[in-house]
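Enquirer: The structure follows.
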């Protein structure tokens, strides 16, 4: 059996008791000590930080500039990715529409817009080499876009649906009421030559009638937003919100007859 | 060398006008940068060169418009000549006078273009006609100091 000397045992007991007492007392001392030491410690820490800042000022400045340029580059990449994502979504929609449509379609991109405010026209990147001819109709998955006005070898000038020189024979889908849709140079179109008792109300959908032989039947033109009477009182007119936002469209499909 | 630089400026302005950002289009109106350049050319270049630039700018504008060819070429040529004649009668050195000249030229240019469109049988609502006329001319005049400065830097 292990026998410990009495002296060792007493020493051990005294040390353990002292440690236990001190640890118990230290918990009470902890807070005031921390409170007392906090201001000088904070001051020293601040001093250290400032001294480090002064010593490594140039290094930090260079690093800051590098990080800023990295942020700018990443922002530009993020913007590019978003543009590509949006373009991809638009092109996917057009491709799906092209595959579903019974019409022969050629996709084209708008490369320039009208240089003045008196016509609503644009230039597309497809021309005679791609089988485009004057008078061909342009559509998008949303509806009718316009007509080809002039053709060169690689580009074509197009009239958008809100150009006042473009007239489209159209019908109201619900009541089959016929009328002539014209552009106004504004954001809306006008459907004219509606008889006094024409059955047309706000919210009606307007589509091409197919009577002019230029525009295939059933292409969505827009939605009626207002109906009024001519100054003469003999005819009525309807204000139509076009299905396609002409000022924001970037890609179109040309119908090859 | 100067003339080549001016020609490059015309090209740059034409590209800018043709692809004017949508967020800078006010009330469906865009500024006529080429018209401002032609007027600036009258102020900073000799008449012959200004007339040549007037024709070049007019042709560039006409190429991209679906209206009968040559209208803007003729108009720009006429503005060059008219402004030079005006310069003999009044002082055109002051910035405000130049601003007023651009505004009047833009208004007249818009009136002629608008009336030509109406003459072709296009029905333009009166409100839209006035909006295009006034807002377009004001927008063109508002941007004129920038193009004047640019032209002066290259030409002088």
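Residue numbers (the numbering used here), protein chains in the order written: chain A, 1 to 257; chain B, 1001 to 1156. Each residue gets a CB set at the ideal place from its N, CA and C atoms; glycine is no exception.
Express the C-alpha separation of residue 1090 (chain B) and residue 187 (chain A) in angstroms, rounding to a whole number.
Expert: Position 187 of the first chain, counted from the first residue, corresponds to residue 187 (chain A). Position 90 of the second chain, counted from the first residue, corresponds to residue 1090 (chain B). One C-alpha to the other measures close to 42 Å.
Enquirer: Interface residues of chain B around residue 113 (chain A) at Cβ under 8 Å?
Expert: By 1-based counting over the first chain, the position of residue 113 (chain A) is 113. By Cβ distance, chain B contributes 1018, 1019 and 1020.
Enquirer: Exposed or buried, what is residue 201 (chain A) when buried is set at 16 or more other beta-carbons lying within 10 Å of its beta-carbon?
Expert: One-based indexing of the first chain puts residue 201 (chain A) at position 201. So residue 201 (chain A) ends up on the exposed side.
Enquirer: Go ahead and label residue 1001 (chain B) buried or exposed: buried means 16 or more other beta carbons lie within 10 angstroms of its beta carbon, across all protein chains shown.
Expert: In the second chain, the residue the question calls residue 1001 (chain B) occupies position 1. Per the 10 Å Cβ criterion, exposed.
Enquirer: Cβ closer than 9 Å: which chain B residues qualify as neighbours of residue 248 (chain A)?
Expert: Start at 1 with the first residue of the first chain, and residue 248 (chain A) comes out as number 248. Ordered by position in chain B, the residues that pass the 9 Å Cβ test against residue 248 (chain A) are 1022.
Enquirer: Does the pairing of the stretch 1014-1027 of chain B with the stretch 104-122 of chain A give three or more beta-carbon distances under 8 Å?
Expert: Yes, the stretch 1014-1027 of chain B touches the stretch 104-122 of chain A.
Enquirer: Please list the partners that residue 165 (chain A) has in chain B, where partner means a Cβ-to-Cβ separation under 8 Å.
Expert: Position 165 of the first chain holds residue 165 (chain A). In chain order: 1066, 1117, 1120, 1121 and 1122.
Enquirer: Going along the chain, which residues of the stretch 1084-1097 of chain B sit with their C-beta nearer than 7 Å to a C-beta in chain A?
Expert: Of all residues in the stretch 1084-1097 of chain B, none has a Cβ within less than 7 Å of some Cβ in chain A.
Enquirer: Is residue 1114 (chain B) close to chain A? Criterion is C-beta to C-beta, closer than 7 Å.
Expert: Locating residue 1114 (chain B) in the second chain gives position 114, where the first residue counts as 1. Taking Cβ atoms only, chain A reaches closer than 7 Å to residue 1114 (chain B), which makes this a yes.
Enquirer: Name the two residues that bound the continuous alpha helix (DSSP H) containing residue 1054 (chain B).
Expert: Position 54 of the second chain, counted from the start, is the residue given in the question as residue 1054 (chain B). Start and end: 1047-1063.
Enquirer: Are three or more beta carbon pairs between the stretch 1080-1096 of chain B and the stretch 1029-1044 of chain B nearer than 8 Å?
Expert: Yes, the stretch 1080-1096 of chain B touches the stretch 1029-1044 of chain B.
Enquirer: Name the one or two DSSP bridge partners that residue 238 (chain A) has.
Expert: Indexing the first chain from 1 puts residue 238 (chain A) at position 238. Partner(s): A:191 and A:227.
Enquirer: Could you pull the start and end residues of the alpha helix (DSSP H) that residue 102 (chain A) belongs to?
Expert: Here the question's residue 102 (chain A) lines up with position 102 in the first chain. Careful: residue 102 (chain A) lies outside any alpha helix (DSSP H) and carries neither H nor E.
Enquirer: Please name the residue in B:1102, B:1118 and B:1149 whose C-alpha comes closest to that of residue 1129 (chain B).
Expert: Your numbering for residue 1129 (chain B) matches position 129 in the second chain. Closest option to residue 1129 (chain B), Cα to Cα, is B:1118.
Enquirer: Do residue 194 (chain A) and residue 208 (chain A) have their CB atoms nearer than 7 Å?
Expert: If you number the first chain from 1, residue 194 (chain A) lands on position 194. If you number the first chain from 1, residue 208 (chain A) lands on position 208. No, they are not a contact pair.
Enquirer: Across which residues does DSSP place residue 179 (chain A) in a beta bridge pair?
Expert: For the purposes of this step, residue 179 (chain A) is taken as residue 179 along the first chain, with counting starting at 1. Its beta-bridge partners are A:170.
Enquirer: Closer than 9 Å by beta-carbon distance: list the chain B residues that pair up with residue 184 (chain A), in chain order.
Expert: Your numbering for residue 184 (chain A) matches position 184 in the first chain. Here the neighbours are 1123, 1124, 1125 and 1128.
Enquirer: In the DSSP assignment, the beta strand (DSSP E) including residue 208 (chain A) goes from what residue to what residue?
Expert: Looking up residue 208 (chain A) in the first chain gives position 208. Per DSSP, residue 208 (chain A) belongs to the beta strand (DSSP E) from 205-208.
Enquirer: Just reading off the beta strand (DSSP E) that residue 123 (chain A) is part of, what are its end residues?
Expert: Looking up residue 123 (chain A) in the first chain gives position 123. Run containing residue 123 (chain A): 121-124, per the beta strand (DSSP E) assignment.
Enquirer: Could you check whether residue 136 (chain A) and residue 254 (chain A) sit closer than 7 Å to each other, using their CB atoms as the reference points?
Expert: Taking the first chain and counting its residues from 1, the one referred to as residue 254 (chain A) is at position 254. Taking the first chain and counting its residues from 1, the one referred to as residue 136 (chain A) is at position 136. Their beta carbons are under 7 Å apart, which means residue 254 (chain A) touches residue 136 (chain A) by this criterion.
Enquirer: Under 8 Å, CB to CB, which of the residues in the stretch 150-162 of chain A have a partner in chain B?
Expert: From the stretch 150-162 of chain A, only 150, 157 and 159 have a Cβ closer than 8 Å to chain B.
Enquirer: For the alpha helix (DSSP H) that contains residue 1080 (chain B), what are its first and last residues?
Expert: As a working mapping, residue 1080 (chain B) is identified with position 80 in the second chain. Note, residue 1080 (chain B): alpha helix (DSSP H), 1071-1089.
Enquirer: Contact between the stretch 95-103 of chain A and the stretch 226-245 of chain A is defined here as three or more beta-carbon pairs at a separation below 8 Å; is this criterion met?
Expert: Flag = no, the stretch 95-103 of chain A and the stretch 226-245 of chain A do not touch.
Enquirer: Quick one: using the 10 Å Cβ neighbour count with 16 as the cut-off for buried, is residue 1098 (chain B) buried or exposed?
Expert: Here the question's residue 1098 (chain B) lines up with position 98 in the second chain. With 16 or more Cβ atoms within 10 Å of its Cβ, residue 1098 (chain B) is classed as buried.
Enquirer: Could you give the first and the last residue of the continuous alpha helix (DSSP H) run that contains residue 1101 (chain B)?
Expert: One-based indexing of the second chain puts residue 1101 (chain B) at position 101. 1095-1119 is the span of the alpha helix (DSSP H), which, as asked, contains residue 1101 (chain B).
Enquirer: Assuming contact is defined by CB atoms lying nearer than 7 Å, are residue 1122 (chain B) and residue 164 (chain A) in contact in what I supplied?
Expert: In the second chain, residue 1122 (chain B) corresponds to position 122, counting from 1. In the first chain, residue 164 (chain A) corresponds to position 164, counting from 1. Yes. Within cutoff.
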